[in-house]
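Novice: Pasting a structure below so you can have a look.
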Amino acid sequence: MQRVSIDVGLDRSLEVVLRGEVDFTNAATSAEAIRAAIVAERPTAVRVDLAEVTFLDSSGIGVLVQAMKAAAAFDAIFRVEQPTDKVLDQLDTAGLLEPFGVTRS
């Protein structure tokens, strides 16, 4: 299963989909794939879809923080979308809901 897929929209936005477990075993490759796409595409916005993430450890949170910083370097809007309830709780505990543009329903 491909853990990271990245598509570029017509509006130059980057749609990143993460899947499965995002942890120390794959965080570095995931972060590099996202960073490289941001640098190459210079998007207007970066959206990271977490609907298919089953586990996110501190390394996985680091992937998101690195992506947010890379997006900011190009003045791109950064947003995390569709986190599962478990991931939402982790992001809330880490104080990252607001920086990631996530709201509780």
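Under our numbering, the sequence shown has 87 at position 87, and the numbering climbs by one with no breaks.
Cβ coordinates follow ideal geometry from the N, Cα and C atoms, glycine included.
Below 8 Å on the Cβ atoms is my guess for Q90 versus I61; work out the distance and round it to an integer in Å.
Specialist: Between I61 and Q90 the Cβ distance is about 7 Å, and since that is below 8 Å, they are a contact.
Novice: Mind checking who P20 pairs with in its DSSP beta bridge?
Specialist: The residue you asked about is not Pro; residue 20 is Gly in the sequence shown. Bridge partners of G20: V53.
Novice: Quick one: Cα of A28 to Cα of V63, how far?
Specialist: Computed Cα separation, rounded: 8 Å.
Novice: Using the C-alpha atoms, what's the distance from A31 back to V22?
Specialist: Whole-angstrom Cα-Cα distance: 10 Å.
Novice: From V65, S13, T25, A51, pick the residue whose C-alpha is nearest to that of F41; which is it?
Specialist: Checking the sequence shown, residue 41 turns out to be Glu, not Phe. Cα-wise, what sits closest to E41 is S13.
Novice: Find out if the Cβ-Cβ distance for the pair V53, V87 is shorter than 8 Å.
Specialist: Contact: yes.
Novice: Does the beta-carbon distance from I6 to A45 come in below 8 Å?
Specialist: In this structure, A45 does not lie closer than 8 Å to I6 by Cβ.
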